Amino acid sequence: MADEWHFGEGWTPMLVEQIRSESRNIVSVTLVDPDGQAVPAWEPGAHIELLLPSGRIRQYSLCGDDQDKTSLTVAVLHEPAGRGGSREVHTTALVGSQIGVRGPRNNFRLAQAHQHLLIAGGIGVTPIVAMARALERAGADWRLVYLGRSGEMAFMAELRDINPGRADIVETDRSGRPDLAASIAGLHSGTAVYCCGPASLLADATRLCELAPADLILRTERFAAASSPGPAAVAGDESIEVELARTGQTVTVAPDRSILESVRDVRPDVPSSCEEGYCGTCETRVLEGTPNHRDDVLGAAEREKGDTMMICVSRAHTPRLLLDL
Numbered sequence: 065m066a067d068e069w070h071f072g073e074g075w076t077p078m079l080v081e082q083i084r085s086e087s088r089n090i091v092s093v094t095l096v097d098p099d100g101q102a103v104p105a106w107e108p109g110a111h112i113e114l115l116l117p118s119g120r121i122r123q124y125s126l127c128g129d130d131q132d133k134t135s136l137t138v139a140v141l142h143e144p145a146g147r148g149g150s151r152e153v154h155t156t157a158l159v160g161s162q163i164g165v166r167g168p169r170n171n172f173r174l175a176q177a178h179q180h181l182l183i184a185g186g187i188g189v190t191p192i193v194a195m196a197r198a199l200e201r202a203g204a205d206w207r208l209v210y211l212g213r214s215g216e217m218a219f220m221a222e223l224r225d226i227n228p229g230r231a232d233i234v235e236t237d238r239s240g241r242p243d244l245a246a247s248i249a250g251l252h253s254g255t256a257v258y259c260c261g262p263a264s265l266l267a268d269a270t271r272l273c274e275l276a277p278a279d280l281i282l283r284t285e286r287f288a289a290a291s292s293p294g295p296a297a298v299a300g301d302e303s304i305e306v307e308l309a310r311t312g313q314t315v316t317v318a319p320d321r322s323i324l325e326s327v328r329d330v331r332p333d334v335p336s337s338c339e340e341g342y343c344g345t346c347e348t349r350v351l352e353g354t355p356n357h358r359d360d361v362l363g364a365a366e367r368e369k370g371d372t373m374m375i376c377v378s379r380a381h382t383p384r385l386l387l388d389l
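All residue numbers for the sequence shown refer to the numbering used here, where the first residue is 65 and numbers rise by one.
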């Protein structure tokens with residue numbers, strides 16, 4: 065198991081206090097400070113990175129109570145065909161061990177709005193349950209549509225306990241898919257819509273919000289790459305030079321390679337997780353040059369600012385980049 069001195073810069077050691085089954089294929093993981101100190105403050109929609117004993121880095125949304133200062137809780141879907149992170153959490157005896165934690169970070173915040181519609185599909189419920197809890201505590205006007213297959217839906221009891229009148233929980237293999245079009249078409253202007261789940265659900269929610277007569281605030285978060293993600297290399301890409309500011313090394317990124325792949329030739333320790341542009345683990349500060357953003361993490365303002373990028377998929381509009389590596 066990893067010990068504190070193995071975590072490295074930026075990682076906080078936390079103790080795995082509990083792992084609990086939440087559905088047939090989802091467990092929750094509760095983390096506490098080893099010395100009993102308060103955990104970092106966070107807001108609904110936030111996620112943390114975990115450095116697992118194997119060295120794998122994975123991101124998980126926080127699903128506990130943001131007012132609880134004693135622990136952090138995430139939920140992990142077991143993906144047998146995945147790259148090993150979820151299998152490690154589900155099958156390794158982690159309780160009582162320390163793992164590294166980095167964050168929280170929030171790209172999926174609650175908006176200032178008079179009404180809120182929460183849409184969750186499958187494991188996408190993890191940030192949504194924290195949002196529902198916070199909205200209910202604040203006395204906000206909110207509704208939830210949560211869909212998934214029977215036996216695989218986590219936190220059903222918690223959501224009903226928060227406010228059963230506001231939670232529409234649909235087991236799609238028994239009841240079919242809910243009518244999202246009707247739910248969205250009836251919203252008033254200024255309503256905030258939040259959607260987290262598979263790419264098909266996000267695409268449906270985005271399309272319906274664009275078609276809605278009202279002016280809506282749409283916020284989405286995906287746990288997998290978009291169905292047509294911005295690739296690291298596309299036709300017309302040219303070689304670029306990437307200089308690493310901390311070491312002075314320069315690498316040439318060929319058209320058919322990502323910046324991450326090329327940087328790892330000289331810096332194999334550069335962290336990453338999804339390597340498809342949706343998790344944010346490889347985010348790197350840009351000191352010079354103009355990035356060509358192809359990720360699903362940064363918002364419009366962050367892209368316009370141009371001082372950070374996801375090096376697993378993004379490239380450059382300029383022949384050279386100077387990165388804070």
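Glycine included, C-beta positions come from ideal geometry on N, C-alpha and C.
Keep in mind that this is a model prediction, so the values were computed, not measured.
ask   = What does a CB cutoff of less than 8 Å around MET217 pick up in its chain, not counting 5 residues either side in sequence?
value = Excluding residues within five positions, the ones whose Cβ falls inside 8 Å are SER87, GLY186, VAL189, TYR210, ILE233, GLU235.
query = Quick one: what does DSSP say VAL153 is sitting in, helix, strand or coil?
reply = DSSP, read as helix, strand or coil, puts VAL153 in helix.
request  = Compute the Euclidean distance between the alpha carbons of LEU387 and GLN176, then round it to the nearest angstrom.
outcome  = Computed Cα separation, rounded: 35 Å.
inquiry  = Going residue by residue through the segment 229–297, where are the continuous beta strand (DSSP E) segments of at least 3 residues, counting only ones entirely within it?
reply    = Taking only runs of at least 3 residues, the beta strand (DSSP E) segments lying wholly in the segment 229–297 are 231–235, 256–261, 281–286.
task = Compute the Euclidean distance between the alpha carbons of VAL103 and VAL96, then round it to the nearest angstrom.
result = Between VAL103 and VAL96, the C-alpha separation is close to 7 Å.
message = Could you tell me the alpha carbon to alpha carbon distance between LEU244 and GLY363, rounded to whole angstroms?
response = Roughly 25 Å separates the two Cα atoms.
query = If we count Cβ pairs, one from each stretch, closer than 8 Å, do we get three or more for the segment 251–265 versus the segment 160–180?
reply = Yes: at least three Cβ pairs fall under 8 Å.
query = Measuring CA to CA, which of LEU208, ALA263, LEU114 is closest to ASP360?
reply = Considering only alpha carbons, the answer is ALA263.
task = Could you tell me which residues DSSP puts in a beta bridge with ALA139?
result = Under DSSP, ALA139 forms a beta bridge with SER92.
request  = Have a look at GLU305, ASN356, GLU113, ARG173 and flag the residue whose alpha-carbon is nearest the alpha-carbon of ILE281.
outcome  = Comparing Cα-Cα distances from ILE281 to each of GLU305, ASN356, GLU113, ARG173, the minimum goes to ARG173.
message = Quick check: what's the CA-CA separation for PRO355 versus MET373?
response = PRO355 and MET373: Cα-Cα distance of roughly 7 Å.
request  = If I'm right that VAL159 touches VAL140 with Cβ under 8 Å, what's the distance once you round it to whole angstroms?
outcome  = In fact, because the Cβ distance is near 14 Å, the residues do not count as touching under 8 Å.
task = Flag this pair as yes or no: are the beta carbons of TRP75 and VAL165 separated by less than 8 Å?
result = In contact: TRP75 and VAL165 (Cβ atoms closer than 8 Å).
Inter-residue CB distance, CYS259 and LEU266 (contact presumed, cutoff 8 Å) = Contact holds; Cβ gap of about 6 Å.
The beta strand (DSSP E) enclosing ILE187, as first and last residue numbers = Careful: ILE187 lies outside any beta strand (DSSP E) and carries neither H nor E.
inquiry  = Assuming contact is defined by CB atoms lying nearer than 8 Å, are SER326 and CYS376 in contact in what I supplied?
reply    = Contact: no.
request  = Rounded to whole angstroms, what's the CA-CA distance from ARG310 to ARG331? Just pull it up for me.
outcome  = If you take the alpha carbons of ARG310 and ARG331, they lie about 11 Å apart.
ask   = Can you tell me the Cα-Cα spacing of ILE90 and ARG197, whole angstroms?
value = ILE90 and ARG197 have their C-alpha atoms spaced approximately 20 Å apart.
Which residues DSSP lists as bridging VAL306, in chain order = DSSP, once it has assigned bridges, lists VAL315, LEU385 as partnering VAL306.
key: Own chain partners of GLN101 with C-beta closer than 8 Å, once the 5 adjacent residues on each side are dropped   = Within its own chain, no residue has a Cβ closer than 8 Å to the Cβ of GLN101 once the five positions on either side in sequence are excluded.
inquiry  = Quick test of your reading: ILE163 and PRO117, contact by CB under 8 Å. State the CB separation rounded to the nearest angstrom.
reply    = Right, the Cβ-Cβ distance comes to about 7 Å (below 8 Å), so this counts as a contact.
request  = Below 7 Å CB to CB, which residues in the same chain sit around LYS133 once its five sequence neighbours on both sides are set aside?
outcome  = The beta carbon of LYS133 sits closer than 7 Å to those of ALA102, VAL103, all from its chain and outside the five residues before and after it, given in chain order.
query = Does the distance from the CB of SER135 to the CB of GLU81 come in under 8 Å?
reply = For the 8 Å CB-CB criterion, SER135 and GLU81 form a contact.
ask   = With a CB to CB cut of under 6 Å and the five nearest residues on each side skipped, what residues in its chain are close to ARG147?
value = Closer than 6 Å at Cβ, skipping near neighbours: no residue.
query = I think VAL350 touches LEU385, with their Cβ atoms under 8 Å apart; what is that distance to the nearest whole Å?
reply = Contact check for VAL350 and LEU385: beta-carbon distance about 6 Å, within the 8 Å limit, so the pair qualifies.
ask   = Helix, strand or coil for ILE375 per DSSP?
value = Coil, per DSSP.
key: Sequence-distant residues of the same chain with beta carbon closer than 6 Å to ASN170, five excluded per side   = Answer for ASN170: GLU107, GLY109, ALA110, listed in chain order.
message = Comparing C-alpha positions only, which one of THR94, THR270, GLN123 sits nearest to SER161?
response = Here the closest residue by C-alpha is THR94.
inquiry  = Just to confirm before moving on: does the CB-CB distance between ILE121 and THR345 stay below 8 Å?
reply    = With respect to THR345, ILE121 sits close: the two C-beta atoms are nearer than 8 Å.
key: Candidates ARG358, ALA380, ASP371, LEU275: closest to ALA318 by CA position   = Among ARG358, ALA380, ASP371, LEU275, the Cα nearest to that of ALA318 belongs to ALA380.
query = Whose C-beta lies closer than 7 Å to the C-beta of GLU302 among residues of the same chain, with five residues either side of it excluded?
reply = Here the set comprises PRO319.
ask   = What are the start and end residues of the alpha helix (DSSP H) that includes MET220?
value = Taken as a continuous stretch (DSSP letters only), the alpha helix (DSSP H) holding MET220 covers 220–226.
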